[in-house]
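Participant: The following block contains the structure, expressed as structure tokens.
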Amino acid sequence: MSNTLVEFKHVHTHFDTDEGIFKAVNDVSFRIKEGETVGVIGESGCGKSVTALSLMQLVTAPGKINDGEIWFDGRNLLGLTRDQMRQLRGHEIGMIFQEPMSSLNPVLTVGEQIVEPLQEHLLLTKKEAWAKAVEWIKKVGIPRPEKIAKSYPHELSGGMLQRIMIAIALCCNPKLLIADEPTTALDVTIQAQVLDLLRQLKGELGMAIMLITHDLGVVAEMADYVVVMYAGQVIEEAPVLELFREPKHPYTQGLLRSKPVMGQRQKRLYSIPGQVPNLAQLGESCHFHERCASCMEICRTKQPPLRTDGDTHKVACWLYEEGFGHEQA
Ligand code: SF4
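According to the working numbering, the residues represented by the sequence shown are -19 to 309, in order.
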């Protein structure tokens, strides 16, 4: 059985603004095992990206991790210094984002940008690092790697830039790759190629992946395990097949209904009626109650706990609590 690599324990990341305290991440706990791909899904604003930023300690003011622990490979990251965290990022934790262009330095060649982490973290000489960078450009499937290494970001396509980002993120052989909407900005054909590449590299390198996406197709293809977030909280988690076969939470059921089915023409995508609640005005109720067709009296006054239903399937919904909903039937 694989060991736990990452563990979020009751993490609270809040943004103290003039309009109130936005509870972007509100008591989040879940794990990622070594070598496992965990898909973190939910609508935009549900807290999935802030959860990843909390792990990397890249939450910016007025955001702050107010409480909880984030364990990575036996260390509580919230106890590390800035310098120790910087060492960890780019070495043991790699990251790729939706917009590669905004993460790359426009005045350095892409080769130089792969060389940087190789020199900093693996202490290679400039010559060794350059050779390794060219090797990585080839590994991520870009032809003529020697020539491409000398190119600047603006000279490359979005798909190529995302491949370069993957090379930068993985060249130091991290234990964890955080991929935040890695294919959202790419067109469909390139998306599929980038996902294939990630799968292939994961097979070779064995790193775990925290995959943040709103695209259920990407999750179905890539993830072993899925964490569903809503209004800053985890409301369901399960192995991917189980979640797709038997989603339990009414929100997850709604999300899965939203997914277009290949080959089936739908007049309009189903979208869950209503709005995500204001994260600065969350009360004691189930945060989904205003959008939920199964809402009961208790849902309006008390939050359901996240409970294990079966071995690995967890859900936060009163329907699955003894004495309510399904259990009453
Ligand atoms: Fe719906 Fe109640 Fe379950 Fe919330 S706890 S999802 S309102 S049934």
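Note that CB positions come from ideal geometry on N, CA and C, so glycine has one too.
Sort out for me which residues DSSP pairs M190 with in a bridge.
Facilitator: Answer is V18 and I158.
Participant: Report the option in D167, E302 and P230 whose CA atom is closest to the CA atom of E270.
Facilitator: The option with the nearest alpha carbon to E270 is P230.
Participant: Measure the C-alpha to C-alpha separation of N56 and K127 and round it to an integer number of angstroms.
Facilitator: The straight-line gap from Cα to Cα measures roughly 42 Å.
Participant: What does DSSP give as the partner residues of E49 in its beta bridges?
Facilitator: K(-11).
Participant: Count the other CB atoms within 10 Å of the CB of G254; is the residue buried (16 or more) or exposed (fewer)?
Facilitator: Per the 10 Å Cβ criterion, exposed.
Participant: For the putative contact between K106 and V120, defined by C-beta atoms under 8 Å, what is the C-beta separation to the nearest angstrom?
Facilitator: Actually they are not in contact, since the Cβ atoms of K106 and V120 sit about 21 Å apart, beyond 8 Å.
Participant: Is the stretch 217 to 226 close to the stretch 31 to 42, with three or more CB pairs under 8 Å?
Facilitator: No, the stretch 217 to 226 does not touch the stretch 31 to 42.
Participant: Here's the rule: buried if 16 or more other CB atoms are within 10 angstroms of the residue's CB, otherwise exposed. What is N6?
Facilitator: Result: buried.
Participant: Going straight from the alpha carbon of G234 to that of A129, what length do you get?
Facilitator: If I take the Cα positions, the gap works out to 45 Å.
Participant: Per the DSSP calculation, P219 is bridged to which residue(s)?
Facilitator: BP columns for P219 point to Y205.
Participant: In whole angstroms, give me the CA-to-CA distance for L170 and R237.
Facilitator: Before going on, a small fix: residue 170 reads as Ile here, not Leu. Rounded to the nearest angstrom, the two C-alpha atoms are 26 Å apart.
Participant: When you compare each of C151, D176 and P133 to L103 by their alpha carbons, which one comes out closest?
Facilitator: When only C-alpha atoms are compared, the closest one is C151.
Participant: Tell me whether the stretch 16 to 28 and the stretch 204 to 214 touch, counting them as touching only if at least three CB pairs, one residue from each stretch, are closer than 8 Å.
Facilitator: Yes: the two stretches touch, three or more of their Cβ pairs being nearer than 8 Å.
Participant: Pull up the CB-CB distance for I146 and M36, whole angstroms please, since I reckon it's below 8 Å.
Facilitator: The Cβ separation is near 17 Å, so there is no contact.
Participant: Assuming the contact rule is C-beta atoms closer than 8 Å, F23 and V256 should be a hit. Round their C-beta distance to whole Å, please.
Facilitator: First, the residue type needs correcting, since residue 23 is Glu and not Phe in the sequence shown. Correct: roughly 6 Å between the Cβ atoms.
Participant: Got a sec: does ligand 1 put a non-hydrogen atom nearer than 8 Å to the Cβ of C279?
Facilitator: At least one heavy atom of ligand 1 is nearer than 8 Å to the Cβ of C279, so yes.
Participant: Since P154 and G74 should fall inside the 8 Å C-beta cutoff, what is the C-beta to C-beta distance between them, to a whole number of angstroms?
Facilitator: Between G74 and P154 the Cβ distance is about 4 Å, and since that is below 8 Å, they are a contact.
Participant: Using 9 Å as the threshold, is the C-beta distance between Y300 and K228 below it?
Facilitator: Yes, these two residues count as a Cβ contact at 9 Å.
Participant: Could you tell me the distance, in whole angstroms, from the CA atom of D167 to the CA atom of G303?
Facilitator: When rounded, the distance between both Cα atoms is 48 Å.
Participant: For G43, does the count of other Cβ atoms within 10 angstroms reach 16, so buried, or fall short, so exposed?
Facilitator: With 16 or more Cβ atoms within 10 Å of its Cβ, G43 is classed as buried.
Participant: At a threshold of 8 Å, does P230 count as lining ligand 1 (C-beta to nearest heavy atom)?
Facilitator: P230: yes, Cβ under 8 Å from ligand 1.
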